[in-house]
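Chemist: In case it helps, the numbering used here puts the sequence shown at residues 2 to 230.
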Amino acid sequence: MTAGFQQFIPRDVETPVAEPAVDQATRPANSWQLPEMRGGASNRSRPAPATDAPAELADEVVDELATLREQARQEGFAKGEAEARTLLAEQSQQLQLAMAALREAQAWLEGEVQKEVILLAQELAQALIVKEIDADPEIVTLAVERAVAMLPSAEGHIQLQLHPADAQLLRDHAAVAEPLAAAWDISEDADIRRGGCVIKSRTSQVDQRTDKRLRALLEQVLIDESGQN
């Protein structure tokens with residue numbers, strides 16, 4: 002029986018060296034990797050991200066902003082145009098009022114200037130008349146006779162109103178030359194300018210005062226000149 006079995010001799014077995022324990026907290030984070038998923042049907046059915054939606058939204062926003070800007074511009078233009086028309090109408094009315102006032106002032110000024118011109122011309126003409134009378138006293142007699150001849154009827158009593166100096170010249174001339182008509186009555190009036198006279202009868206009157214005659218003559222001259230211009 003001993004011959005059929007070999008003697009068991011125990012073999013040396015190498016005792017594995019124990020690895021030092023590693024703390025799970027200190028193990029590197031990349032020691033574990035996500036296993037690769039292959040052949041999953043879910044990967045094929047997942048839709049691609051919609052990358053065109055933000056661009057379309059941006060275009061719509063830009064178009065909307067452009068529309069709003071154009072609308073605001075049109076509204077601002079219409080409002081500005083209305084305000085400009087209102088301002089223009091007000092300024093036009095003010096301009097018309099100013100022009101009307103200017104025309105009135107011009108008409109008044111022309112009237113005043115015309116009056117001054119007439120008065121100046123009257124004074125100059127009157128000075129010439131006085132000078133002529135002093136040089137030739139018979140001018141007074143001729144002026145009185147011309148005025149008496151303008152009466153519709155020279156019959157009856159006639160009153161001659163003259164400046165005191167002219168009345169004296171008429172008396173002096175009658176004393177040395179042809180006497181006055183018996184029906185003539187000389188009266189003095191200091192308001193009558195030299196060279197003029199007022200002739201009165203019982204039914205009529207002739208006003209030949211020089212200032213009145215000169216004024217009418219000068220006004221006619223100015224009217225004729227304005228008509229030619």
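Yeah, the Cβ is synthetic: ideal placement off N, Cα and C, and Gly gets one too.
Ignore the nearest five residues each way along the sequence and tell me which others in Leu219's own chain have a CB closer than 6 Å to its CB.
Modeler: The residue you call residue 219 lines up with position 218 of the sequence shown. Excluding residues within five positions, the ones whose Cβ falls inside 6 Å are Ile119 and Ala122.
Chemist: Would you mind reading off the limits of the beta strand (DSSP E) that contains Leu163?
Modeler: Position 162 of the sequence shown, counted from the first residue, corresponds to residue 163. For Leu163, the enclosing beta strand (DSSP E) has its first and last residue at Ile159 to Leu163.
Chemist: Can you tell me the Cβ-Cβ gap for Val141 and Leu170, rounded? I've got them flagged as a contact below 8 Å.
Modeler: The residue you call residue 141 lines up with position 140 of the sequence shown. The residue you call residue 170 lines up with position 169 of the sequence shown. That belief holds up - the Cβ atoms of Val141 and Leu170 are roughly 5 Å apart, short of 8 Å.
Chemist: Measure the CB-CB distance between Leu215 and Gln94 and report whether it falls below 9 Å.
Modeler: Taking the first residue of the sequence shown as position 1, residue 215 is located at position 214. Taking the first residue of the sequence shown as position 1, residue 94 is located at position 93. Cβ distance not < 9 Å, so Leu215 and Gln94 don't count as in contact.
Chemist: Pull up the distance between the alpha-carbon of Gly157 and that of Arg203, whole angstroms please.
Modeler: For the purposes of this step, residue 157 is taken as the residue at position 156 of the sequence shown. For the purposes of this step, residue 203 is taken as the residue at position 202 of the sequence shown. Distance between the alpha carbons of Gly157 and Arg203: 8 Å.
Chemist: Relative to the C-alpha of Glu124, which residue among Ala73, Lys213, Val145 and Gln221 is closest?
Modeler: Numbered from its first residue, the sequence shown carries residue 124 at position 123. Nearest C-alpha to Glu124: Lys213.
Chemist: Could you check if Gln209 is buried or exposed, using at least 16 other CB atoms within 10 Å of its CB as the buried criterion?
Modeler: As a working note, residue 209 is residue 208 in the sequence shown. By the neighbour-count rule (16 or more Cβ atoms within 10 Å), Gln209 is buried.
Chemist: Write down the C-beta distance between Ala148 and Ile200 rounded to the nearest angstrom, noting that I regard them as a contact closer than 8 Å.
Modeler: Numbered from its first residue, the sequence shown carries residue 148 at position 147. Numbered from its first residue, the sequence shown carries residue 200 at position 199. Right, their Cβ atoms sit about 5 Å apart.
Chemist: Please report the distance separating the alpha-carbon of Arg74 from that of Glu65.
Modeler: For the purposes of this step, residue 74 is taken as the residue at position 73 of the sequence shown. For the purposes of this step, residue 65 is taken as the residue at position 64 of the sequence shown. Using only the alpha carbons, I get a separation of about 14 Å.
Chemist: Cα-Cα, which of Ser188, Ala108, Gln115 and Thr87 is closest to Ala217?
Modeler: Residue 217 sits at position 216 when you count from the first residue of the sequence shown. Nearest option by C-alpha distance: Gln115.
Chemist: Count the other CB atoms within 10 Å of the CB of Ala67; is the residue buried (16 or more) or exposed (fewer)?
Modeler: On the sequence shown, position 66 is the one that residue 67 refers to. When all chains shown are included, Ala67 counts as exposed.
Chemist: Report the rounded CA-to-CA distance for Arg172 versus Leu110, giving the unit in angstroms.
Modeler: Taking the first residue of the sequence shown as position 1, residue 172 is located at position 171. Taking the first residue of the sequence shown as position 1, residue 110 is located at position 109. Spanning the two alpha carbons is a distance of roughly 46 Å.
Chemist: If contacts are defined as beta-carbon pairs under 8 Å, then Ile193 and Leu163 qualify, I think. What distance do you get, rounded to the angstrom?
Modeler: To locate residue 193, count along the sequence shown from 1; it is residue 192. To locate residue 163, count along the sequence shown from 1; it is residue 162. Indeed, because the Cβ distance is near 6 Å, the residues count as touching under 8 Å.
Chemist: Quick check: Ile159 and Asp137, are their CB atoms within less than 9 Å of each other?
Modeler: Here residue 159 is taken as the residue at index 158 of the sequence shown, counted from 1. Here residue 137 is taken as the residue at index 136 of the sequence shown, counted from 1. Going by C-beta atoms, Ile159 is not nearer than 9 Å to Asp137.
Chemist: Only counting the same chain, and skipping five residues up and downstream in sequence, which positions put a Cβ closer than 6 Å to that of Gln206?
Modeler: Within the sequence shown, residue 206 is the residue found at index 205, counting from 1. Once the five neighbours on either side are set aside, Gln206 has no close Cβ partner at all.
Chemist: Bridge partners of Trp185, per DSSP?
Modeler: As a first step, residue 185 is located in the sequence shown; it is residue number 184 there, counting from the start. According to DSSP, Trp185 bridges with Ile159.
Chemist: Quick check: the Cα distance between Ala183 and Ile134, rounded to an integer number of angstroms?
Modeler: Residue mapping note: residue 183 aligns to position 182 of the sequence shown, counting from 1. Residue mapping note: residue 134 aligns to position 133 of the sequence shown, counting from 1. Distance between the alpha carbons of Ala183 and Ile134 is about 25 Å.
Chemist: Beta carbon of Pro165, beta carbon of Glu146: below 9 Å?
Modeler: For the purposes of this step, residue 165 is taken as residue 164 along the sequence shown, with counting starting at 1. For the purposes of this step, residue 146 is taken as residue 145 along the sequence shown, with counting starting at 1. One thing to note: Pro165 has its Cβ no nearer than 9 Å to the Cβ of Glu146.
Chemist: Can you name the start and end residues of the beta strand (DSSP E) that Asp200 belongs to?
Modeler: Your numbering for residue 200 matches position 199 in the sequence shown. It should be pointed out that residue 200 corresponds to Ile in this sequence rather than to Asp. Counting along the chain, the beta strand (DSSP E) containing Ile200 begins and ends at Cys198 to Lys201.
Chemist: Are the beta-carbon atoms belonging to Ala144 and Gly197 less than 9 Å from one another?
Modeler: In the sequence shown, counting from the first residue as 1, residue 144 sits at position 143. In the sequence shown, counting from the first residue as 1, residue 197 sits at position 196. It is a contact, given that the beta carbons lie within the stated cut-off.
Chemist: Take Ala191 and list the residues in its own chain whose beta-carbon comes closer than 8 Å to its own, dropping the five residues that flank it on each side.
Modeler: Along the sequence shown, read from residue 1 onward, the residue named residue 191 stands at position 190. Non-local beta-carbon contacts of Ala191 in its own chain, meaning distances under 8 Å to residues more than five positions away in sequence, involve His164 and Pro165 in chain order.
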